[in-house]
Amino acid sequence: MQDVVVEVCGLTKFYRNQAVVSDVTFRIGRGEIVGLLGANGAGKSTTLRAMVGLVKPSRGQVRLFGKLLEPSLLRFVGALIERADLYPYLTAAEHIGLVSQLKGLKPTKAAMEQLLERVGLASVAHQHVRTYSYGMKQRLGLALTLVGEPELIILDEPLNGLDPEGIADTRRLITELQQEGRTVIVSSHLLAEVEQVATHLLVLHKGKLIAEGKIEQVLASYGTTTIIEAEHSAAELCALLEPVCSAVQVRSNAIRVASADVPLVVMRLANAGVRVTAVIPERSLEQFYFAATCQQ
Amino acid sequence: MIPTIVRLELWRIYRKPRSWIVFIAIAVLVGIVHSVMALQGEQLAEMVLQNIKQQLSIEGDYLHGYLVAFIIQGLLLVHLPFLVTLVAGDLIAGEAAYGTLRLLFLQPVARWKFVLAKFFALVGYVGSVMLFLAVVSLGVGVALFDVGDLVVLKTNGVVVLGRDDILWRFAGAYAFNWLGLLVPASLALLLGCFADNALAPVVGTMAIVIVMTAVSLLDVPLIESLADGFFTTHAAAWRLFFDDPVPFDTIRNSAVVLVMHCVVFCFVTALVLQRKDIRS
Numbered sequence: 702m703q704d705v706v707v708e709v710c711g712l713t714k715f716y717r718n719q720a721v722v723s724d725v726t727f728r729i730g731r732g733e734i735v736g737l738l739g740a741n742g743a744g745k746s747t748t749l750r751a752m753v754g755l756v757k758p759s760r761g762q763v764r765l766f767g768k769l770l771e772p773s774l775l776r777f778v779g780a781l782i783e784r785a786d787l788y789p790y791l792t793a794a795e796h797i798g799l800v801s802q803l804k805g806l807k808p809t810k811a812a813m814e815q816l817l818e819r820v821g822l823a824s825v826a827h828q829h830v831r832t833y834s835y836g837m838k839q840r841l842g843l844a845l846t847l848v849g850e851p852e853l854i855i856l857d858e859p860l861n862g863l864d865p866e867g868i869a870d871t872r873r874l875i876t877e878l879q880q881e882g883r884t885v886i887v888s889s890h891l892l893a894e895v896e897q898v899a900t901h902l903l904v905l906h907k908g909k910l911i912a913e914g915k916i917e918q919v920l921a922s923y924g925t926t927t928i929i930e931a932e933h934s935a936a937e938l939c940a941l942l943e944p945v946c947s948a949v950q951v952r953s954n955a956i957r958v959a960s961a962d963v964p965l966v967v968m969r970l971a972n973a974g975v976r977v978t979a980v981i982p983e984r985s986l987e988q989f990y991f992a993a994t995c996q997q
Numbered sequence: 007m008i009p010t011i012v013r014l015e016l017w018r019i020y021r022k023p024r025s026w027i028v029f030i031a032i033a034v035l036v037g038i039v040h041s042v043m044a045l046q047g048e049q050l051a052e053m054v055l056q057n058i059k060q061q062l063s064i065e066g067d068y069l070h071g072y073l074v075a076f077i078i079q080g081l082l083l084v085h086l087p088f089l090v091t092l093v094a095g096d097l098i099a100g101e102a103a104y105g106t107l108r109l110l111f112l113q114p115v116a117r118w119k120f121v122l123a124k125f126f127a128l129v130g131y132v133g134s135v136m137l138f139l140a141v142v143s144l145g146v147g148v149a150l151f152d153v154g155d156l157v158v159l160k161t162n163g164v165v166v167l168g169r170d171d172i173l174w175r176f177a178g179a180y181a182f183n184w185l186g187l188l189v190p191a192s193l194a195l196l197l198g199c200f201a202d203n204a205l206a207p208v209v210g211t212m213a214i215v216i217v218m219t220a221v222s223l224l225d226v227p228l229i230e231s232l233a234d235g236f237f238t239t240h241a242a243a244w245r246l247f248f249d250d251p252v253p254f255d256t257i258r259n260s261a262v263v264l265v266m267h268c269v270v271f272c273f274v275t276a277l278v279l280q281r282k283d284i285r286s
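Each protein sequence line maps, in turn, to chains A and F. For the first sequence, the working numbering gives the first residue as 702, with consecutive numbering after it. For the second sequence, the working numbering gives the first residue as 7, with consecutive numbering after it.
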């Protein structure tokens, strides 16, 4: 096994002559938790599907564990794409048994119980899936991705339909998986959740990869914003700063400015006799995401 | 690996409530025929043999389990393909509708292996349907109506088969019918690749079966030569087991045509699925 777990090179996919993913190239190393971000239609699901062979690339290639993608490599991959796909007439335990056997494993009762315990479904292991709620189905979908202890786990919108407890459990599970040395790719619209677990980011916009790298580096590379609080009204502060930068009122005595302008702003306010009470850098993933996609 | 996937496919087929509809329908249909035969069978047989009796003297009890089983097999000629495609059409299209096709294709198994496994599972399922038909129509028929010489009406005459010369013919006919049913089943499997609901391949297959059957009935030389290639024409060759002597060459040729149809349908299914993007 290589240290590069996923290598996507020049991935392009056309649907009806329209490129939904265009020349996407990236690498994912072992043990990384990669947050895949993008708006609806950005090409996230198509990229993930191409990574597991569900869609055939129009151009480019996908390599897993250093080898060109082929079905046998999926033995080391667990994937939950969009929603859990389940047989309504089978039980959770039977699903685990089915996937185990398709992966060429002999399902044991202990392993099955352990998996279902891990996703909180042990008590309903022998109930038909048709009686499950959407959240329970998602949990079972997560359990199925873990069958055979795969090296690479791909989760496309795994938090959809989960209650707050389920979201927290999933977040904990993803962190545990990384601690076990596995690589996890998570696509989600819940940026705050991604921010809590991801070590690396991939951002797709209109089918193109617009940002990638370690989460701290990616956030730092984009112009983020800072909140400045002072003992003056926000309107007065905005007026004072108008010649040097654009400021936006966020509260009665607080404004938001570009982080790059902070030294200049603080100096100008000090020169004007304004007492600054707080300088709060804003570096949330959400801000970065909107800044990055707006720039494009 | 393929035997494991076949076993899992068969297991899922029998876990689906829809799969049991076929057995229930056969039991109900055969039950109705048995009841009608028990109540009015003598009159019906008299009516059918009326013309023959003007030219031939037929003595003895000709209403018995063998005749009832023979009649049932003829009656279910159109219904059985329909019932079998209900299950076959669901094998790919139904999986696409549930999204479980994606679950399967995320496993380390080549897609063509799934197609092959689904076909072999169909072989097993259709075999069990034919076995069930044999038990309820022939087995129960013989238990209810006893055995006797079988009088078979042909377009060019009458064939009378001795009671000791019949069981192997039924075995051959059921086996041939098994093969005949596998063709519409594999066609439904193929059509299922283009649909995302189980109804479309069932309707599509039945439309093709009905059109082929109707066209082959047209008494035009051009159509006749065309109909020689239809699987519906060859699927009816099970009746030849009740000829005397049995035309084994014709039966073998029809069997080859049916097997070729199954092979082509499965091959095209694998080809289509191999290239198909799973987007839903």
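Every residue, glycine too, gets a C-beta built ideally from N, C-alpha and C.
* **8 angstroms Cβ cutoff, F:Y104 in contact with chain A** => Position 98 of the second sequence, counted from the start, is the residue given in the question as residue 104 of chain F. The beta carbon of F:Y104 falls within 8 angstroms of a beta carbon belonging to chain A, placing the residue at that interface.
* Would you identify the three-state DSSP class for F:Q79, choosing helix, strand or coil? => Counting from one through the second sequence, the residue named residue 79 of chain F turns up at place 73. It is helical.
* **F:C272, enclosing alpha helix (DSSP H) - first and last residue** => Counting from 1 along the second sequence, the entry for residue 272 of chain F is found at position 266. Here the alpha helix (DSSP H) through F:C272 covers 254-281.
* What are the residues of the region 15-31 of chain F that lie near chain B, defined by any Cβ-Cβ distance shorter than 9 angstroms? -> Absent from the structure is chain B; the protein chains it does hold are A and F.
* Asked: If you measure beta-carbon to beta-carbon, which residues of the region 264-285 of chain F are closer than 8 angstroms to chain A?
  -> R281, D283, I284, R285
* To do: Below 7 angstroms CB to CB, which residues in the same chain sit around A:I956 once its five sequence neighbours on both sides are set aside?
  => The sequence position of residue 956 of chain A within the first sequence is 255, counting from 1. Closer than 7 angstroms at Cβ, skipping near neighbours: I929, A935, L938, C939, A948, V949, Q950.
* Alpha carbon to alpha carbon, what distance is there between A:S953 and A:A971? -> Along the first sequence, read from residue 1 onward, the residue named residue 971 of chain A stands at position 270. Along the first sequence, read from residue 1 onward, the residue named residue 953 of chain A stands at position 252. For A:A971 and A:S953, the distance between alpha carbons rounds to 19 angstroms.
* Inspect the beta-carbon positions of A:L874 and A:F777 and report whether they are closer than 8 angstroms. => Counting from 1 along the first sequence, the entry for residue 874 of chain A is found at position 173. Counting from 1 along the first sequence, the entry for residue 777 of chain A is found at position 76. No, Cβ-Cβ distance for A:L874 and A:F777 is not below 8 angstroms.
* Asked: DSSP beta-bridge partners for A:E896?
  -> Here the question's residue 896 of chain A lines up with position 195 in the first sequence. Paired residues: none, contrary to the question.
* Tell me, please, whether the CB atom of F:L35 is closer than 8 angstroms to any CB atom in chain A? => Counted from its first residue, the second sequence places residue 35 of chain F at position 29. Not an interface residue.
* **Distance between F:G130 and F:A261 (C-alpha atoms, nearest Å)** => Mapped onto the second sequence, residue 261 of chain F falls at position 255. Mapped onto the second sequence, residue 130 of chain F falls at position 124. Their backbone Cα atoms lie some 18 angstroms apart in a straight line.
* Contact set between A:D786 and chain F, taken where Cβ atoms lie within less than 7 angstroms -> Within the first sequence, residue 786 of chain A is the residue found at index 85, counting from 1. What A:D786 touches in chain F: Y104, G105, T106, R108, L109.
* To do: Out of A:V706, A:A793, A:Y990, A:Q988, state which residue places its alpha-carbon closest to the alpha-carbon of A:I734.
  => Here the question's residue 734 of chain A lines up with position 33 in the first sequence. The residue with the shortest Cα to Cα distance from A:I734 is A:V706.
* Asked: Helix, strand or coil: which one does DSSP assign to A:T809?
  -> For the purposes of this step, residue 809 of chain A is taken as residue 108 along the first sequence, with counting starting at 1. Coil, per DSSP.
* **Given A:V848 as reference, the closest of F:Q113, F:L156, F:G186 once Cα atoms are compared** => Along the first sequence, read from residue 1 onward, the residue named residue 848 of chain A stands at position 147. It is F:Q113.
* If you measure from the beta carbon of A:A780 to each beta carbon in chain F, is any gap under 8 angstroms? -> Position 79 of the first sequence, counted from the first residue, corresponds to residue 780 of chain A. For A:A780, the answer is yes, since a Cβ of chain F falls inside 8 angstroms of its Cβ.
* Quick one: is the Cβ of A:R957 within less than 7 angstroms of any heavy atom of the ligand SAH? -> By its list of ligands, the structure shown contains no ligand whatsoever, and the ligand SAH lies outside what it can speak to.
* Consult DSSP for F:V141 and reduce its assignment to one of helix, strand or coil. => On the second sequence, residue 141 of chain F is found 135 positions in, with the first residue counted as 1. It is helical.
* Taking just the CA atoms, how far does F:L187 sit from F:P207? -> Position 201 of the second sequence holds residue 207 of chain F. Position 181 of the second sequence holds residue 187 of chain F. Rounded to whole angstroms, the separation of the alpha carbons of F:L187 and F:P207 is 15 angstroms.
* **Euclidean distance between Cα positions of A:T884 and A:R731** => Residue numbering aside, residue 884 of chain A sits at position 183 when the first sequence is read from its first letter. Residue numbering aside, residue 731 of chain A sits at position 30 when the first sequence is read from its first letter. Cα to Cα, the separation comes out at about 5 angstroms.
* Check the Cβ-Cβ distances between F:V9 and every residue of chain A, and say whether any is below 8 angstroms. => Looking up residue 9 of chain F in the second sequence gives position 3. The amino acid at residue 9 of chain F is misidentified as Val; the sequence shows Pro. Cβ-Cβ to chain A under 8 angstroms: no for F:P9.
* To do: Starting from A:E708, follow the beta strand (DSSP E) in both directions and report where the run begins and ends.
  => Counted from its first residue, the first sequence places residue 708 of chain A at position 7. From DSSP, the beta strand (DSSP E) with A:E708 extends over 705-716.
* To do: Please go through the same chain and pick out, in chain order, the residues whose beta-carbon is closer than 8 angstroms to the beta-carbon of A:D704, but skip the five residues on each side of it.
  => Against the first sequence, residue 704 of chain A aligns to sequence position 3. For A:D704, where only same-chain residues beyond five positions count, the Cβ hits under 8 angstroms are G730, R731.
* To do: Could you check if F:D152 is buried or exposed, using at least 16 other CB atoms within 10 Å of its CB as the buried criterion?
  => For this step, residue 152 of chain F is matched to residue 146 along the second sequence. Under this definition F:D152 is an exposed residue.
* Identify, in the order they occur along the chain, each residue of the same chain with its Cβ nearer than 8 angstroms to the Cβ of F:A276, setting aside the five sequence neighbours on each side. => Your numbering for residue 276 of chain F matches position 270 in the second sequence. Cβ neighbours of F:A276 beyond the five flanking positions: R117, W118, V121, L122.
* To which residues of the same chain is A:T999 closer than 7 angstroms at the C-beta, ignoring the five residues directly before and after it? -> With chain A running from 702 to 997 in the structure shown, residue 999 of chain A is simply not present.
* Expressed to the nearest angstrom, what Euclidean distance is found between the alpha-carbon atoms of A:Y833 and F:A233? -> As a first step, residue 833 of chain A is located in the first sequence; it is residue number 132 there, counting from the start. As a first step, residue 233 of chain F is located in the second sequence; it is residue number 227 there, counting from the start. Approximately 51 angstroms, taken between the alpha carbons.
* Asked: Comparing the C-beta of A:Q719 with each C-beta of chain F, is any distance below 8 angstroms?
  -> Counted from its first residue, the first sequence places residue 719 of chain A at position 18. Not one chain F Cβ lies under 8 angstroms of A:Q719.
* Option nearest F:T238 by Cα separation, candidates F:A102, F:V84, F:V270 -> Counted from its first residue, the second sequence places residue 238 of chain F at position 232. Nearest option by C-alpha distance: F:V84.
* To do: Since I believe F:F271 is in contact with F:L167 (beta carbons under 8 angstroms), could you give me their beta-carbon distance rounded to a whole number of angstroms?
  => Translated into the one-based positions of the second sequence, residue 167 of chain F becomes position 161. Translated into the one-based positions of the second sequence, residue 271 of chain F becomes position 265. About 35 angstroms; that fails the 8 angstroms criterion.
* So, is the C-beta of F:L112 closer than 8 angstroms to a C-beta in chain A? -> Here residue 112 of chain F refers to the residue found at position 106 when the second sequence is read from its first residue. With 8 angstroms as the cut-off, F:L112 counts as an interface residue toward chain A.
* Residue burial classification, A:M968 (beta-carbon count within 10 angstroms, cutoff 16) -> Translated into the one-based positions of the first sequence, residue 968 of chain A becomes position 267. Around the C-beta of A:M968, fewer than 16 other C-beta atoms lie within 10 Å, and the residue is accordingly described as exposed.
* Residue-level contact to chain F via CB, A:Q703, 8 angstroms cutoff -> By one-based count along the first sequence, residue 703 of chain A stands at place 2. With a pLDDT of 48 at A:Q703, under the threshold of 50, the predicted position of this residue should be treated as unreliable, and no value is reported.
* To do: Tell me, please, whether the CB atom of F:V12 is closer than 8 angstroms to any CB atom in chain A?
  => Walking along the second sequence from the start, residue 12 of chain F turns up at place 6. Closer than 8 angstroms: no.
* To do: Using a Cβ-Cβ cut-off of 8 angstroms, state whether A:Y835 counts as contacting chain F.
  => As a working mapping, residue 835 of chain A is identified with position 134 in the first sequence. No, A:Y835 lies away from the interface with chain F (no Cβ there is under 8 angstroms from its Cβ).
* Which residue from A:L920, A:C710, A:G842 puts its Cα closest to that of A:R784? -> Taking the first sequence and counting its residues from 1, the one referred to as residue 784 of chain A is at position 83. Out of A:L920, A:C710, A:G842, A:G842 has the C-alpha closest to the C-alpha of A:R784.
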